[in-house]
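Colleague: Residue numbers (the working numbering), protein chains in the order written: chain V, 1 to 89; chain A, 90 to 452. Yeah, the Cβ is synthetic: ideal placement off N, Cα and C, and Gly gets one too.
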Amino acid sequence: MCLAVPGKIVEVTEGDPLLRSAKVSFAGVVKQVSLTCTPEAKLGDYVLVHVGVAISTIDPQEAAETFKYLKAMGELDGLDPAQMEASPP
Amino acid sequence: MKYVDEYRDAGLVRGLADAIARTVTQPWTIMEICGGQTHAIVKFGLDDLLPPAITLVHGPGCPVCVTSADLIDTAVDLALQHRVILCSFGDMLRVPGNGIDLLTAKARGGDIRIVYSPLDAVALAREHPGREVVFFAVGFETTAPANAMAVLRAEREGVRNFSLLTSHVLVPPAMRAILGAPDNRVQGFLAAGHVCTIMGVQEYGPIARDHHAPIIITGFEPVDILEGILLCVKQLESGRAEVENAYSRAVRTEGNVHARGIVERVFVVADRDWRGLGVIPASGLAVRPEYAAYDALRRFPCAACAARAASECISGEIMRGVKKPHHCPAFGTRCTPEHPLGAPMVSSEGACAAYHRYRARAA
Ligand code: SF4
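The structure is reproduced here in structure tokens:
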């Protein structure tokens with residue numbers, strides 16, 4: 001029910017904040033999505049869409065950092081746990 | 090698909106599962122609160138990857154499952170007696186009420202339509218000005234902005250034949266209810282990532298502290314979930330009980346302030362009857378009195394509606410002296426001496442009727 005799917009903004013329709021919307025591509029399937037809750041979202045951004053409403057932009061930097069951390073955790077396999085604790089969450 | 094595929098990476102999943110196995114030294118029970126996470130755990134068999142010491146239990150995070158039977162009766166009644174166009178997410182249709190479900194009501198001629206978004210229901214109302222359109226607004230904090238926006242759009246566009254039948258529930262009060270139950274086994278939580286996308290993380294600190302339970306804000310893909318479990322297990326093993334955000338690509342500490350602003354304009358926190366859990370105080374959202382025209386419970390007075398609305402009645406707390414009548418969200422709006430929802434509004438000696446008569450809304 002709280003399913004929200006990430007998609008890429010391919011076209012923005014500006015206007016009244018209550019009606020601001022975008023075409024968002026989900027792996028090629030394009031849907032009209034409200035941007036009222038994400039006024040900062042712009043062309044090319046990834047947004048998380050729930051029941052036709054973008055509820056958040058995806059922060060690419062945070063995503064990259066989490067990923068680095070996750071990869072590191074895989075590589076740290078078998079190393080001292082204290083070292084694992086030291087990596088940023 | 091970007092931000093999906095890499096979080097399903099088999100190598101990462103295995104690496105995380107191994108890291109969890111290395112960290113665990115004793116049995117732990119962890120609850121994922123959100124039904125979306127439950128779905129992913131079962132779909133991807135993540136529980137099978139975990140060491141036997143870890144037990145995952147599944148929380149009440151399915152709004153469809155916790156919607157009360159009374160409210161489903163009300164929806165059926167709106168469709169069959171009031172002949173409204175009743176719009177709903179598809180998964181509500183088979184949920185039993187006390188009588189029939191919505192699918193049966195549809196077979197009996199009820200005009201029940203499945204929509205993808207509450208905004209589609211507003212569009213439907215615009216296209217059918219001669220009909221009443223009711224959207225069955227179930228959901229957690231994640232869905233509340235969309236439902237609130239539907240009301241604001243209807244208002245902006247002058248669509249007057251649209252209203253919400255609201256069954257909104259809030260996650261933190263349910264977590265407290267679970268942790269506080271005498272038979273509780275849950276030692277740590279994976280908090281629902283998308284709920285936190287809207288609400289932020291600040292509500293969880295006090296819960297973690299009061300119940301000494303770690304709470305990890307967690308996403309929905311296999312890698313997200315295993316990372317959440319790993320962080321939770323690390324805390325449990327080291328005796329910590331903190332809030333950690335493992336879903337920072339979508340959850341800011343403060344949440345989405347725009348979305349919250351929209352929710353607060355339209356909804357107000359109210360008691361809610363959870364199917365299976367009972368009434369939890371301040372655990373839901375109701376339409377604000379200012380938007381009563383968009384509240385189906387108020388627009389369509391009927392037996393089932395009254396029965397349902399009665400469970401909004403906080404008369405128990407009023408009579409225990411915990412609350413006063415004007416604390417009741419229905420006071421003076423959905424509940425008046427002409428249309429009472431609870432006993433204290435019926436009797437002239439009832440506290441609510443007295444307040445209504447002598448203090449009106451100023452109270
Ligand atoms: S009687 Fe009416 S006003 Fe009083 S608590 Fe119940 S619902 Fe609220």
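Between which two residues does the beta strand (DSSP E) containing A:C176 stretch?
Modeller: Here residue 176 of chain A corresponds to residue number 87 of the second sequence, with the count starting at 1. Start and end: 174-177.
Colleague: Run through the DSSP bridge pairs and tell me what A:E406 is partnered with.
Modeller: Position 317 of the second sequence holds residue 406 of chain A. Answer by DSSP bridge pairing: none, since A:E406 is not bridged.
Colleague: Helix, strand or coil: how does DSSP classify A:F224 here?
Modeller: Start at 1 with the first residue of the second sequence, and residue 224 of chain A comes out as number 135. Here A:F224 sits in strand by DSSP.
Colleague: Just the chain V side, please: which residues come within less than 7 Å of A:H147 by C-beta, in chain order?
Modeller: Your numbering for residue 147 of chain A matches position 58 in the second sequence. Neighbours of A:H147 on chain V: none; closest Cβ ~14 Å, over 7 Å.
Colleague: Out of A:T112, A:A359, A:I296, A:H217, point me to the one whose CA is closest to A:E333's CA.
Modeller: Position 244 of the second sequence holds residue 333 of chain A. Cα-wise, what sits closest to A:E333 is A:I296.
Colleague: A:A168 to A:G199, Cα distance in whole Å?
Modeller: As a working mapping, residue 168 of chain A is identified with position 79 in the second sequence. As a working mapping, residue 199 of chain A is identified with position 110 in the second sequence. A:A168 and A:G199: Cα-Cα distance of roughly 5 Å.
Colleague: Taking the continuous alpha helix (DSSP H) assigned at A:L315, which residues delimit it?
Modeller: The residue labelled residue 315 of chain A in the question sits at position 226 within the second sequence. Residues 311-327.
Colleague: Going by CA-CA distance only, name the one from A:H283, A:T156, A:E221 that's closest to A:D190.
Modeller: Taking the second sequence and counting its residues from 1, one reaches residue 190 of chain A at position 101. Nearest of A:H283, A:T156, A:E221 to A:D190, Cα basis: A:T156.
Colleague: How far does the alpha helix (DSSP H) with A:G100 in it extend, from its first residue to its last?
Modeller: As a position in the second sequence, residue 100 of chain A is number 11, starting the count at 1. It spans 99-112 - the alpha helix (DSSP H) in which A:G100 sits, taken as one unbroken run.
Colleague: Helix, strand or coil for A:I203, going by three-state DSSP, please let me know.
Modeller: Reading the second sequence from its first residue, position 114 is the one you call residue 203 of chain A. Correct three-state label for A:I203: strand.
Colleague: Given this structure, state the Cα-to-Cα distance separating A:A164 from A:F229, to the nearest angstrom.
Modeller: Counting from one through the second sequence, the residue named residue 164 of chain A turns up at place 75. Counting from one through the second sequence, the residue named residue 229 of chain A turns up at place 140. Rounded to the nearest angstrom, the two C-alpha atoms are 19 Å apart.
Colleague: If you compare alpha carbons, which of V:D45, V:A54, V:I55 is closest to V:Q61?
Modeller: For this step, residue 61 of chain V is matched to residue 61 along the first sequence. For the residues V:D45, V:A54, V:I55, the minimum Cα distance to V:Q61 belongs to V:D45.
Colleague: What does a CB cutoff of less than 8 Å around A:L246 pick up in its chain, not counting 5 residues either side in sequence?
Modeller: Indexing the second sequence from 1 puts residue 246 of chain A at position 157. The sequence given here places Glu at residue 246 of chain A; Leu does not occur at that position. So the list reads V211, R215, once near-sequence residues are dropped.
Colleague: Could you spell out where the alpha helix (DSSP H) holding A:C285 opens and where it closes?
Modeller: Indexing the second sequence from 1 puts residue 285 of chain A at position 196. Its alpha helix (DSSP H) spans residues 282-288.
Colleague: Spatial neighbours of A:M120 within its chain, please: CB distance less than 6 Å, with the 5 preceding and 5 following residues excluded, ordered by chain position.
Modeller: The residue given as residue 120 of chain A occupies position 31 in the second sequence. Contacts found: V146, G148, V275, F278.
Colleague: Report yes if the C-beta distance between V:A4 and A:H283 is below 8 Å; otherwise report no.
Modeller: Taking the first sequence and counting its residues from 1, the one referred to as residue 4 of chain V is at position 4. Taking the second sequence and counting its residues from 1, the one referred to as residue 283 of chain A is at position 194. Cβ distance < 8 Å, so V:A4 and A:H283 count as in contact.
Colleague: Thinking just about the alpha-carbon of each residue, which of A:P218, A:R361, A:L325, A:H415 is nearest to the one in A:P152?
Modeller: Mapped onto the second sequence, residue 152 of chain A falls at position 63. It is A:R361 whose Cα lies nearest to the Cα of A:P152.
Colleague: Less than 8 Å between CB atoms is the rule here; does A:G365 satisfy it with respect to chain V?
Modeller: As a working note, residue 365 of chain A is residue 276 in the second sequence. For A:G365, the answer is no, since every Cβ of chain V falls outside 8 Å of its Cβ.
Colleague: Using CA coordinates, which residue listed in A:G104, A:Q291, A:E95 is at the minimum distance from A:E343?
Modeller: Here the question's residue 343 of chain A lines up with position 254 in the second sequence. Ranking the options by Cα distance to A:E343, first place goes to A:Q291.
Colleague: Which residues in the same chain as A:R97 place their Cβ atom closer than 8 Å to its Cβ, once the five residues preceding and following it in sequence are excluded?
Modeller: Numbered from its first residue, the second sequence carries residue 97 of chain A at position 8. F133, E310, P311, V312.
Colleague: Can you give me the Cβ contacts of A:R364 inside the same chain, cut-off strictly under 8 Å, excluding the 5 residues immediately before and after it?
Modeller: In the second sequence, the residue the question calls residue 364 of chain A occupies position 275. Once the five neighbours on either side are set aside, the close Cβ partners of A:R364 are C154, V155, T156, S157, A158.
Colleague: What does the Cβ neighbour count give for A:H445, buried or exposed, with the cut at 16 atoms within 10 Å?
Modeller: The residue you call residue 445 of chain A lines up with position 356 of the second sequence. The residue in question, A:H445, is buried, as its Cβ has 16 or more Cβ neighbours within 10 Å.
Colleague: Return the bridge partner residues of A:M120 from the DSSP annotation.
Modeller: Translated into the one-based positions of the second sequence, residue 120 of chain A becomes position 31. Note: A:M120 sits in a beta bridge opposite A:V146, A:F278.
Colleague: Check for me: the beta strand (DSSP E) holding A:T163 runs from which residue to which?
Modeller: For this step, residue 163 of chain A is matched to residue 74 along the second sequence. From DSSP, A:T163 is part of no beta strand (DSSP E) but of the alpha helix (DSSP H) over 158-169.
Colleague: For A:R215, name the three-state secondary structure that DSSP assigns.
Modeller: The sequence position of residue 215 of chain A within the second sequence is 126, counting from 1. Correct three-state label for A:R215: helix.
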